[in-house]
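Here is the structure we will look at.
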Amino acid sequence: MNRDNDGRRSSRGLTLLGGLVAGAVGTVAAMAALGPRLLMVEDESPYGFAETTDRFESAVESTDWKILHVHDLQGKMENHGYVADRTTVYEICSSEHASNILTRDDERVVSSMMPCRVSVYETSDGRVYISRMNAGLVATVFGGVVRRTMDDAYTESEAIVDATVDPFDDPRP
Numbered sequence: 001m002n003r004d005n006d007g008r009r010s011s012r013g014l015t016l017l018g019g020l021v022a023g024a025v026g027t028v029a030a031m032a033a034l035g036p037r038l039l040m041v042e043d044e045s046p047y048g049f050a051e052t053t054d055r056f057e058s059a060v061e062s063t064d065w066k067i068l069h070v071h072d073l074q075g076k077m078e079n080h081g082y083v084a085d086r087t088t089v090y091e092i093c094s095s096e097h098a099s100n101i102l103t104r105d106d107e108r109v110v111s112s113m114m115p116c117r118v119s120v121y122e123t124s125d126g127r128v129y130i131s132r133m134n135a136g137l138v139a140t141v142f143g144g145v146v147r148r149t150m151d152d153a154y155t156e157s158e159a160i161v162d163a164t165v166d167p168f169d170d171p172r173p
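With the first letter of the sequence shown counted as 1, position 43 gets the number 43 in the UniProt record's numbering; the numbers rise by one all the way through.
Below you can see the structure in the form of structure tokens.
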């Protein structure tokens, strides 16, 4: 600790340390409270479930992206004796973006987040939502090729979602 002119220990060091601890605790508390909201993105659809899934599929097909697989989670749950509201999870992929990751050994570690997933689900009160991971935020922890690829993929997949929920933009032919 520093000593002032009278030889007493200065409280500046303790104040600084206390401020750092308080800041760290505050940051952890904020991340715990806001983390789930930051990591996931959700939009309410103005359409019913069937029309939303139809519009989403058309929006994907109007781009260079592809639907690799469709998971009917409600149906899967019913097959196991459980009741769930309608939930369809789409695995979508851009070959261009996937190749940026899959052709490089050092970047392939993020392949566990591939392909991109988008969920269309209906709540118990009949509202329909589209949710997905906030890849734009997740990209910020990476650098180089991974960051650029995730940023580009996020921008393009958000355009697909926007076309799905925008009443003035009908992606269907």
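From the three backbone atoms N, C-alpha and C, an ideal C-beta is built for every residue, glycine too.
Bridge partners of Ile92, per DSSP?
Within the sequence shown, residue 92 is the residue found at index 92, counting from 1. According to DSSP, Ile92 bridges with Ile67, Cys116.
On the criterion of 16 or more Cβ atoms from any shown chain inside 10 Å, does Val118 qualify as buried, or is it exposed?
Indexing the sequence shown from 1 puts residue 118 at position 118. Burial call: buried.
Does Glu57 pass the burial test, meaning 16 or more other C-beta atoms within 10 Å, or should it be called exposed?
As a position in the sequence shown, residue 57 is number 57, starting the count at 1. When all chains shown are included, Glu57 counts as buried.
Roughly how many whole angstroms lie between the Cα atoms of Tyr47 and Val128?
Counted from its first residue, the sequence shown places residue 47 at position 47. Counted from its first residue, the sequence shown places residue 128 at position 128. Straight-line Cα distance between these residues: approximately 7 Å.
Using only CA atoms, which one of Gln74, Ala135, Ala98 lies nearest to Ser124?
Position 124 of the sequence shown holds residue 124. Looking at the Cα atoms, Gln74 is the closest of the given residues.
For the beta strand (DSSP E) that contains residue 174, what are its first and last residues?
Because residue 174 is not part of the residues shown, which for the chain are 1 to 173, the question remains open.
List the DSSP bridge partners of Val41.
Here residue 41 refers to the residue found at position 41 of the sequence shown. Answer is Arg132.
Please return the same chain residues whose Cβ sits closer than 6 Å to the Cβ of Thr164, not counting the five positions on each side in sequence.
Here residue 164 is taken as the residue at index 164 of the sequence shown, counted from 1. So the qualifying residues of the chain are Arg55, Phe56, Ala59.
Taking 7 Å as the cut-off, decide whether the C-beta atoms of Glu122 and Asp85 are in contact.
Reading the sequence shown from its first residue, position 122 is the one you call residue 122. Reading the sequence shown from its first residue, position 85 is the one you call residue 85. Against a cut-off of 7 Å, the Cβ pair of Asp85 and Glu122 comes out as a contact.
For Ala84, decide whether its Cβ has a neighbour in chain C, counting only Cβ atoms nearer than 7 Å.
Checking the listed chains, one finds no chain C in this structure; it contains a single protein chain.
Following the continuous alpha helix (DSSP H) through Phe49, name the residue where it begins and the one where it ends.
Your numbering for residue 49 matches position 49 in the sequence shown. Where Phe49 is concerned, the enclosing alpha helix (DSSP H) stretches over 49–61.
Does the beta-carbon of Ser62 have 16 or more other beta-carbons within 10 angstroms, so that it is buried, or is it exposed?
In the sequence shown, residue 62 corresponds to position 62, counting from 1. So Ser62 counts as exposed.
When we look at the beta-carbon of Val120 and count the other beta-carbons within 10 Å, is it buried (16 or more) or exposed?
Numbered from its first residue, the sequence shown carries residue 120 at position 120. So Val120 ends up on the buried side.
Suppose the cutoff is 7 Å on Cβ atoms and the five residues either side in sequence are ignored; what does the same chain contact list for Val145 look like?
Counting from 1 along the sequence shown, the entry for residue 145 is found at position 145. Same-chain partners within the cutoff: Asn100, Arg104, Glu107.
Could you have a look at Ala82 and say whether DSSP puts it in helix, strand or coil?
Numbered from its first residue, the sequence shown carries residue 82 at position 82. One point to set straight first is that residue 82 is Tyr, not Ala, in the sequence displayed. Correct three-state label for Tyr82: coil.
Using 7 Å as the threshold, is the C-beta distance between Asp143 and Tyr154 below it?
Translated into positions along the sequence shown, residue 143 becomes position 143. Translated into positions along the sequence shown, residue 154 becomes position 154. Position check: residue 143 holds Gly in this sequence, whereas Asp was assumed. No; because the gap between Cβ atoms is not below 7 Å, this pair is not in contact.
Please state the DSSP three-state secondary structure of Asp72.
Taking the first residue of the sequence shown as position 1, residue 72 is located at position 72. It is a strand residue.
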